[in-house]
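Step one of this worksheet: look at the structure below.
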Amino acid sequence: MGLGDICCLIASTFPKLVCTLLLVWSYYTVIFKVNLVLVHCRAWQIIIFTATTLLFAFSVTLYYLVIAVGPGSPLDFASLCRFDFKEGDRIDPPPLLINRSVMVKQNGGYRFCNKCKVWKPDRCHHCSSCNKCILRMDHHCPWFANCIGFSNYKFFLQFLIYSSLYILLVALITGWANYGFFVSESLSMDLFSFHVLFVFALSIVFQLCLVVFTLFTAYHLLKNKTTIESYESQRYRSNNNSKNLGNIFDLGAKKNWCSVMGNTWAEWILPIRVRSRSSVFSDGLSFEVNESLYRRMEQEASMQERLSNGIENYRNRQRQIREEAISQIDATTISLAHAQ
Numbered sequence: 001m002g003l004g005d006i007c008c009l010i011a012s013t014f015p016k017l018v019c020t021l022l023l024v025w026s027y028y029t030v031i032f033k034v035n036l037v038l039v040h041c042r043a044w045q046i047i048i049f050t051a052t053t054l055l056f057a058f059s060v061t062l063y064y065l066v067i068a069v070g071p072g073s074p075l076d077f078a079s080l081c082r083f084d085f086k087e088g089d090r091i092d093p094p095p096l097l098i099n100r101s102v103m104v105k106q107n108g109g110y111r112f113c114n115k116c117k118v119w120k121p122d123r124c125h126h127c128s129s130c131n132k133c134i135l136r137m138d139h140h141c142p143w144f145a146n147c148i149g150f151s152n153y154k155f156f157l158q159f160l161i162y163s164s165l166y167i168l169l170v171a172l173i174t175g176w177a178n179y180g181f182f183v184s185e186s187l188s189m190d191l192f193s194f195h196v197l198f199v200f201a202l203s204i205v206f207q208l209c210l211v212v213f214t215l216f217t218a219y220h221l222l223k224n225k226t227t228i229e230s231y232e233s234q235r236y237r238s239n240n241n242s243k244n245l246g247n248i249f250d251l252g253a254k255k256n257w258c259s260v261m262g263n264t265w266a267e268w269i270l271p272i273r274v275r276s277r278s279s280v281f282s283d284g285l286s287f288e289v290n291e292s293l294y295r296r297m298e299q300e301a302s303m304q305e306r307l308s309n310g311i312e313n314y315r316n317r318q319r320q321i322r323e324e325a326i327s328q329i330d331a332t333t334i335s336l337a338h339a340q
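Numbering-wise (the UniProt record's numbering), the sequence shown opens with residue 1 and increments by one.
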């Protein structure tokens, strides 16, 4: 293992270690420094222990599910890979891409990654940090040292929700303890622990950041738009783009939610894979589109094709007229030459 590999290992391990330690430390503080020491009501002890443990367990489980499941990559599909590709080669896109894609490059061609040597389906982008293409890439998250994409997006949003609730609970419990120590003085300072003070301060900071990011992510899900798509205009087959046509993947808030989170409460709440997703759209290579926008795109594409054909026919007629005129001039010139 070289120095570069060691640095990459440290860079990917460090954020996971930090997140895990923060979660474990906060749980330890709430249970062993507050609940068992400062709370004297047995019923409240049970309630605090149960709620804290459940939210902690969900948060940790979902954190590692996001990492373990991964975002998904077109490199997992042999039909999209062209590892023998060389710069300058002309290759045709596979039928899967032709039949199921609506997004194209700025020049109108199908998207191909020269780094990964793989065809890129709709909403797929290359991540320079992961050094590979990611299906329905949302963003690269340094806290996971991983990308958030098609396969782990559901778990990522669930993690944000559960960890926000967990940190809110931690902030309330440690806030109550600090209030008792410093304001109402109802708790003896002999029982004071700096763990409680520091965890409270950190929980306030993390809570503010997490709530904002959770709302930001949920809003994008309800619009069926990735973080990348919210900042970059996407080009469609009709020579149109998302700025003037709209988001062709927006199916309405309810369908957008269900397309990622599933159709049942169990799928929404539990850290399980979506079981109700249509088999056609279950691989991350294609996505259901807004039918009205798709028809509009097809109509515009048809109009553009007719216009292009009309222009081409006009140019051909003009070229033919010029050629006939030149032929007549040449014939006249030859006749005059013979007459002389």
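Yeah, the Cβ is synthetic: ideal placement off N, Cα and C, and Gly gets one too.
Less than 7 Å divides the Cβ of M103 from the Cβ of D122. Between the alpha carbons of N224 and Y110 lies a gap of roughly 22 Å.
Two segments are said to touch when three or more pairs of C-beta atoms, one from each, lie closer than 8 Å; by this definition the region 127-139 does not touch the region 29-39. Scanning P74, D190, L54 and I272 for the CA closest to the CA of C113 turns up P74.
Across the set T174, D89 and P95, the C-alpha of T174 shows the shortest separation from the C-alpha of I31. Here the region 138-152 makes contact with the region 10-21; the two share three or more CB pairs at distances below 8 Å.
Unbroken alpha helix (DSSP H) stretches of 4 residues or longer found wholly inside the region 140-216: 153-182, given in chain order.
Spatial neighbours of H140 in its own chain (CB-CB distance under 7 Å, excluding positions within 5 residues in sequence) are listed in chain order as C127, S129, C130 and C147. Assignment of V34 by DSSP, reduced to helix, strand and coil, places it in the helix class.
Nearest Cα to S164 within the set T264, P271, L21 and L215: L215.
Per DSSP, the beta bridge partners of C113 are V118. Selection V24, I248, V205 and L208 evaluated against T226 yields I248 as nearest (Cα-Cα). The shortest C-alpha to C-alpha distance from Y231 to any of D138, G72 and Q158 is the one to D138. For the 7 Å CB-CB criterion, L160 and T217 form a contact. DSSP, reduced to helix, strand and coil, places C130 outside both helices and strands of the structure shown, so it counts as coil.
The DSSP-derived three-state label of R42 is helix. Judged by DSSP in its simplified three-state form, C124 adopts coil rather than helix or strand.
By the CB criterion at 7 Å, F155 and V66 fall inside the cutoff. Judged by beta-carbon spacing, G284 lies within the 7 Å limit of R136, meaning their Cβ atoms are closer than that value. Under the Cβ criterion (8 Å, minimum of three pairs), the region 193-205 does not count as touching the region 46-61. Of all alpha-carbon atoms in F150, Y219, I48 and P93, the one lying nearest the alpha-carbon of G70 is that of F150. Linking L187 to N178 through their CA atoms gives a straight-line distance of about 9 Å. Taking C-alpha positions only, I48 is separated from E267 by approximately 26 Å. In the structure shown, M103 adopts extended strand secondary structure according to DSSP, grouped into three states. By the Cβ-count criterion, G262 is buried, with 16 or more other Cβ atoms from all chains shown falling within 10 Å of its own Cβ.
Nearest to L191 by alpha-carbon distance, out of V24, T29, T53 and C7, is T29.
For the 7 Å CB-CB criterion, E291 and F281 do not form a contact. Judged by DSSP in its simplified three-state form, R90 adopts coil rather than helix or strand.
N256: member of the alpha helix (DSSP H) spanning A253 to M261, first to last residue.
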